[in-house]
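Asks:
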Amino acid sequence: MAGSDTSYGLPGTQGQQRCPKWTGQTQGIYLLQEIDDYYWLTRESKWSSRGWTFQESVLSPRILAFSDQGVFYQCRPKPHFKDEDHGDQELDFSVTQIPLSSYEDLLSEFTTRDLTYKSDILDAFSGVLHLVYGVEHHYGLPFSDFSQAILWVTKDGRYPMRPPCIPKSFPSWSWSSIDNAISPSSGGLKWTKISASLAQWAIPPRYTKSFLKILPNPSTHQHELDDDSKKLFPSSQEHLLARLAVLMAWKGGCFPGTLPECLNNEGTWEQYDTIIRQRWESLADMTDEAYCMQGGHLTAHEQETRFPIQMQHACTDGCIMLFTQSKRLQIRENKEFVKAMKLVDQDSGIVGWLTHHSINWERLQKIPSWNCGAEFDVLALSISYQTHLFTEIFRFIPVKEYGREASNWYDSAGKCIFIEEHDDRKYSRISVPCVNLMVVETKNGIRRRIALAEAALKVWIESKPEFHTFILG
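Here UniProt numbering is used: the sequence shown runs in plain steps of one and ends on residue 473.
(1) Using 7 Å as the threshold, is the C-beta distance between ARG332 and LYS342 below it?
(2) Taking the beta strand (DSSP E) that ARG429 falls in, what are its first and last residues?
(3) Roughly how many whole angstroms lie between the Cα atoms of LEU59 and PHE110?
(4) GLU466 lies in the beta strand (DSSP E); which residues open and close that run?
(5) Please classify LYS366: is it buried, with 16 or more other beta-carbons within 10 angstroms of its beta-carbon, or exposed?
(6) Applying the criterion that 16 or more other CB atoms from any shown protein chain within 10 Å of the CB defines a buried residue, is PRO61 buried or exposed?
(7) So, with DSSP's three-state summary, where would you put ILE194?
(8) Determine whether the beta carbon atoms of SER176 and LEU122 lie at a separation below 7 Å.
(9) Near THR53, what residues of its chain come up, given a Cβ to Cβ distance below 7 Å and the 5 sequence neighbours on each side ignored?
(10) Report yes if the C-beta of LYS251 is less than 6 Å from at least one heavy atom of the ligand SAH; otherwise report no.
(11) Smallest Cα separation from ILE446: which of THR116, ILE182 and LEU322?
(12) Could you tell me which residues DSSP puts in a beta bridge with LYS82?
(13) Which same chain residues end up closer than 6 Å to SER7 when comparing Cβ atoms and leaving out the 5 residues on each side of it in sequence?
(14) Could you tell me which residues DSSP puts in a beta bridge with GLY24?
(15) Which same chain residues, not among the five before or five after GLN325, have their C-beta less than 7 Å away from its C-beta?
(16) Strictly by DSSP, which residues pair up with PHE170?
(17) Could you have a look at TRP269 and say whether DSSP puts it in helix, strand or coil?
(18) Measuring CA to CA, which of LEU131, ALA65, LEU141 and ASP179 is closest to ARG113?
(19) Restricting to Cα atoms, I'd like to know which of GLY473, VAL439, LEU247 and GLU420 is closest to ALA314.
(20) In the DSSP assignment, what are the bridge partners of PRO204?
(21) Going by beta carbon distance, what residues of the same chain come within less than 7 Å of LEU189, once the five residues before and after it are set aside?
(22) SER195 and LEU283: beta carbons closer than 7 Å?
(23) Per DSSP, LYS443 forms a beta bridge with which residues?
(24) Should LEU437 be labelled buried (16 or more other beta-carbon atoms within 10 Å of its own) or exposed?
(25) For the alpha helix (DSSP H) that contains ARG332, what are its first and last residues?
(26) Rounded to whole angstroms, how far is the Cβ of ILE471 from the Cβ of MET248, which I believe are closer than 8 Å?
(27) What number of angstroms, rounded off, separates the C-alpha of PRO160 from the C-alpha of SER174?
(28) Please list, in chain order, all residues of the same chain as ILE276 whose beta carbon is under 7 Å from its beta carbon, the five residues on each side excluded.
(29) Taking GLU454 as the reference, give the member of PRO368, GLU304 and HIS356 with the closest Cα.
(30) Thinking C-alpha only, which one of TYR38, CYS416, GLU44 and TYR103 is nearest PHE72?
(31) Taking 7 Å as the limit between beta carbons, can you name the residues of its chain near GLY414, skipping five residues before and five after?
(32) Rounded to a whole number of angstroms, what is the C-alpha to C-alpha distance between SER407 and ALA456?
(33) Would you mind giving the Cβ-Cβ distance between PHE143 and GLU136, rounded to the nearest angstrom? I have them listed as a contact below 8 Å.
(34) Using the rule of at least 16 other Cβ atoms within 10 Å of the residue's Cβ for burial, across every protein chain shown, is TRP409 buried or exposed?
(35) Could you have a look at GLN148 and say whether DSSP puts it in helix, strand or coil?
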């Protein structure tokens, strides 16, 4: 890991001497400089900044690292290393300790690295993807986590485009299209947990050789129950609210399937939740039925209806298809809170807001009248598992503009579990289930990502979006 290129050689071996250590003597005592910490030697090395060496460090079960100060040995996945003078020493952190199952951490680390040829971005990451996901990934996004992975943003909010390189293509929906460090979500450290995908994704036959590939639902974990200690506070019942949000989305027409009669009848929140947990083992099973995909399979008739053959043939390199609800909306600047650009309908009523750090300003500002009349297709992607918790006086757009209208669903007993009323509190706390959205521009029938956005689920439903099939490139 020493030197700045491959011609530097291995320090301490024939033809390449190490840098001499400082030595000294005082009052009859001999002093010898300690070698630098292995962690910092690694982090500051050119080796750890290169894209192609990322796979070496992550996939190698054993690492023998030659530096100008000594040789180090590390065996994955133990958080320890050895040098020439000491036994096992604990390693504070290393890229080699990132779990292979942690896609978001691997992506975040990899995209900070440099590539001699920027067009190698996907090739240099493919070894990790193939080891963990086999062939179940597309343009850097794994199928099993697609609904989460599609919500990527850059760490600094800038979106410099990756230079095109024939025959390679980098579609706008993939992080590979951007020459910058990627964050798994606008939240920063961890990506957004998804309760249900509102979009049905499909890879056209040109990539799968012979058939249309329908991507699976992400929420395969069995239903989780909230701690009894949290039941006094509805806003703390994360798992209950997640299930009920998916139910309200289905009741509101966000899925094309027919709602079961047992959930179409009046009932209390507790009764609805009991039915959900008894009828489906997971939210993925519930969403499959909501999308008419019994057993995770879509009938040939539904495939042709949602993903017409002529649209499949219209897909070019890098394209992916999705069937989802959409709405034509305008972008308006928010003078009170600059970071929250508003999405408004033709009557200037707010429907949602652009997600901070997700806006591709270079692409957006090239569109004529982008903030004073131009309309954009806004596509529904998914429902976030966690609700957004606000008070009515909170300055952020959802509550300031909507108030309790963002979550005022009532059950048969007149109870609104999404709004928490307290006699000793001046303002109510509101749990807002939110829809993740993508704002796109259109060129020659192909949509390209401009930004991500969010909307309160109830407000999105009331805006009356319609189902359409789109090609994203």
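Ideal Cβ positions, reconstructed from N, Cα and C, are used throughout, including at glycine.
Replies: According to the data block:
(1) In the sequence shown, counting from the first residue as 1, residue 332 sits at position 332. In the sequence shown, counting from the first residue as 1, residue 342 sits at position 342. LYS342 sits close to ARG332, with the two beta carbons spaced by under 7 Å.
(2) Here residue 429 refers to the residue found at position 429 of the sequence shown. ARG429 -> beta strand (DSSP E) spans 429-432.
(3) Stepping through the sequence shown from its first residue, residue 59 is reached at position 59. Stepping through the sequence shown from its first residue, residue 110 is reached at position 110. C-alpha separation (whole angstroms): 13 Å.
(4) Reading the sequence shown from its first residue, position 466 is the one you call residue 466. Note, GLU466: beta strand (DSSP E), 466-472.
(5) Taking the first residue of the sequence shown as position 1, residue 366 is located at position 366. That one is exposed.
(6) For the purposes of this step, residue 61 is taken as the residue at position 61 of the sequence shown. The residue is exposed, with fewer than 16 neighbouring Cβ atoms inside 10 Å.
(7) Within the sequence shown, numbered from 1, the residue matching residue 194 stands at position 194. ILE194: strand per DSSP, three-state reduction.
(8) Within the sequence shown, residue 176 is the residue found at index 176, counting from 1. Within the sequence shown, residue 122 is the residue found at index 122, counting from 1. Taking the C-beta atoms as reference points, LEU122 is found nearer than 7 Å to SER176.
(9) Here residue 53 corresponds to residue number 53 of the sequence shown, with the count starting at 1. For THR53, same chain residues with a beta-carbon under 7 Å away, outside a window of 5 residues either side, are TRP47 in chain order.
(10) The ligand content of the structure shown is nil, which means the ligand SAH is not present either.
(11) For the purposes of this step, residue 446 is taken as residue 446 along the sequence shown, with counting starting at 1. For the residues THR116, ILE182 and LEU322, the minimum Cα distance to ILE446 belongs to LEU322.
(12) As a position in the sequence shown, residue 82 is number 82, starting the count at 1. TYR73, per the DSSP bridge assignment.
(13) On the sequence shown, position 7 is the one that residue 7 refers to. Shown here for SER7: not one same chain residue has a beta carbon closer than 6 Å to its own, the five before and five after excluded.
(14) Counting from 1 along the sequence shown, the entry for residue 24 is found at position 24. Beta-bridge pairing by DSSP links GLY24 to LEU31.
(15) The sequence position of residue 325 within the sequence shown is 325, counting from 1. In chain order, LEU198, CYS254, ALA380, PRO465, GLU466 and PHE467 place their CB closer than 7 Å to the CB of GLN325, counting only its own chain and leaving out the 5 sequence neighbours on each side.
(16) Position 170 of the sequence shown holds residue 170. Beta-bridge pairing links PHE170 to no other residue.
(17) Along the sequence shown, one-based indexing puts residue 269 at 269. Correct three-state label for TRP269: helix.
(18) Here the question's residue 113 lines up with position 113 in the sequence shown. The closest CA to that of ARG113, considering only LEU131, ALA65, LEU141 and ASP179, is found on ASP179.
(19) Position 314 of the sequence shown holds residue 314. Taking only the C-alpha atoms, the option nearest ALA314 is GLY473.
(20) Stepping through the sequence shown from its first residue, residue 204 is reached at position 204. Checking the DSSP bridge columns, you'll see PRO204 has no partner listed.
(21) The count along the sequence shown starts at 1 and reaches residue 189 at position 189. Note that LEU189 scores 49 on pLDDT, short of 50, meaning its location in the model is unreliable and no value can be drawn from it.
(22) Residue numbering aside, residue 195 sits at position 195 when the sequence shown is read from its first letter. Residue numbering aside, residue 283 sits at position 283 when the sequence shown is read from its first letter. Yes, the Cβ-Cβ distance between SER195 and LEU283 is below 7 Å.
(23) Residue 443 sits at position 443 when you count from the first residue of the sequence shown. Bridge partners of LYS443: ILE446.
(24) Numbered from its first residue, the sequence shown carries residue 437 at position 437. It is buried - the Cβ of LEU437 has at least 16 other Cβ atoms within 10 Å.
(25) As a first step, residue 332 must be located in the sequence shown, where it is residue number 332. Annotation: ARG332 is outside any alpha helix (DSSP H); the continuous beta strand (DSSP E) that includes it extends over 320-332.
(26) Translated into the one-based positions of the sequence shown, residue 471 becomes position 471. Translated into the one-based positions of the sequence shown, residue 248 becomes position 248. With a contact defined as Cβ atoms closer than 8 Å, ILE471 and MET248 miss out at about 30 Å.
(27) The sequence position of residue 160 within the sequence shown is 160, counting from 1. The sequence position of residue 174 within the sequence shown is 174, counting from 1. One Cα belongs to PRO160, the other to SER174, and the distance between them is close to 13 Å.
(28) Here residue 276 corresponds to residue number 276 of the sequence shown, with the count starting at 1. Cβ-Cβ distances below 7 Å link ILE276 to ARG243, LEU247 and MET286 in the same chain, with the five nearest sequence neighbours on each side left out; the list follows chain order.
(29) For the purposes of this step, residue 454 is taken as residue 454 along the sequence shown, with counting starting at 1. Out of PRO368, GLU304 and HIS356, HIS356 has the C-alpha closest to the C-alpha of GLU454.
(30) For the purposes of this step, residue 72 is taken as the residue at position 72 of the sequence shown. The candidate whose alpha carbon is nearest that of PHE72 is TYR38.
(31) Reading the sequence shown from its first residue, position 414 is the one you call residue 414. The answer is none, since no qualifying residue turns up.
(32) The residue given as residue 407 occupies position 407 in the sequence shown. The residue given as residue 456 occupies position 456 in the sequence shown. Across the structure, SER407 and ALA456 are spaced so that their CA atoms are roughly 8 Å apart.
(33) Counted from its first residue, the sequence shown places residue 143 at position 143. Counted from its first residue, the sequence shown places residue 136 at position 136. PHE143 to GLU136, Cβ: 4 Å. Contact.
(34) The count along the sequence shown starts at 1 and reaches residue 409 at position 409. Around the beta carbon of TRP409, 16 or more other beta carbons lie within 10 angstroms, which makes this residue buried.
(35) The count along the sequence shown starts at 1 and reaches residue 148 at position 148. Helix, per DSSP.
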